[in-house]
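The numbering of the sequence shown is the numbering used here, which starts it at 2 and goes up by one.
Glycine included, every Cβ here is placed at the ideal spot set by N, Cα and C.
These numbers come from a predicted model, not from an experiment.
Single-structure report; data block below.
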Amino acid sequence: MTVGSPAPAHTTNPMHEEGNPAMKVELEADKCVASGQCVLAAMDVFDQDDDGIAILLEEQVGEDRLDDVREAVAVCPAAAIRLVDQ
Ligand code: SF4
């Protein structure tokens, strides 16, 4: 490519490629009732401490893990998890 030439038309936005951050996960640990459902739904993103309270392992998730986190949001009995557009 010549310096100064326009970017190719097929260039993709790197923020939306698979595996790159797409959405932010928010966890309100003070609401957590230690059910563990989020860990079952998305064990790459959530863990639990010794008291069973959820811990956020990844604050930003790519499209490859969005479905798992959406399930965690849906099944959390305390409504302690949110997905936020960045
Ligand atoms: S599903 Fe909700 S209440 Fe259960 S451990 Fe995860 S954050 Fe806590």
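Let me know if residue i comes out buried or exposed under the rule of 16 or more other beta-carbons within 10 Å of its beta-carbon.
i          : result
residue 28 : buried
residue 65 : exposed
residue 35 : exposed
Put residue i into one of helix, strand or coil per three-state DSSP.
i          : result
residue 46 : coil
residue 26 : strand
residue 39 : helix
Out of the options, point me to the one whose CA is closest to residue i's CA.
i          : options           : result
residue 1  : 32, 71, 73 and 45 : The chain is shown from 2 up to 87; residue 1 falls before or after that span and cannot be answered.
residue 30 : 76, 50, 61 and 23 : 50
residue 42 : 34, 77 and 81     : 77
Please state whether the Cβ-Cβ distance between residue i and residue j is less than 8 Å.
i          : j          : result
residue 58 : residue 68 : no
residue 1  : residue 72 : An answer regarding residue 1 cannot be provided, because it is not within the stretch 2 to 87 covered by the chain.
Runs of alpha helix (DSSP H) wholly within the stretch 52–87 (minimum 4 residues, chain order): With a minimum length of 4 residues, the unbroken runs of alpha helix (DSSP H) contained wholly in the stretch 52–87 fall at 64–76.
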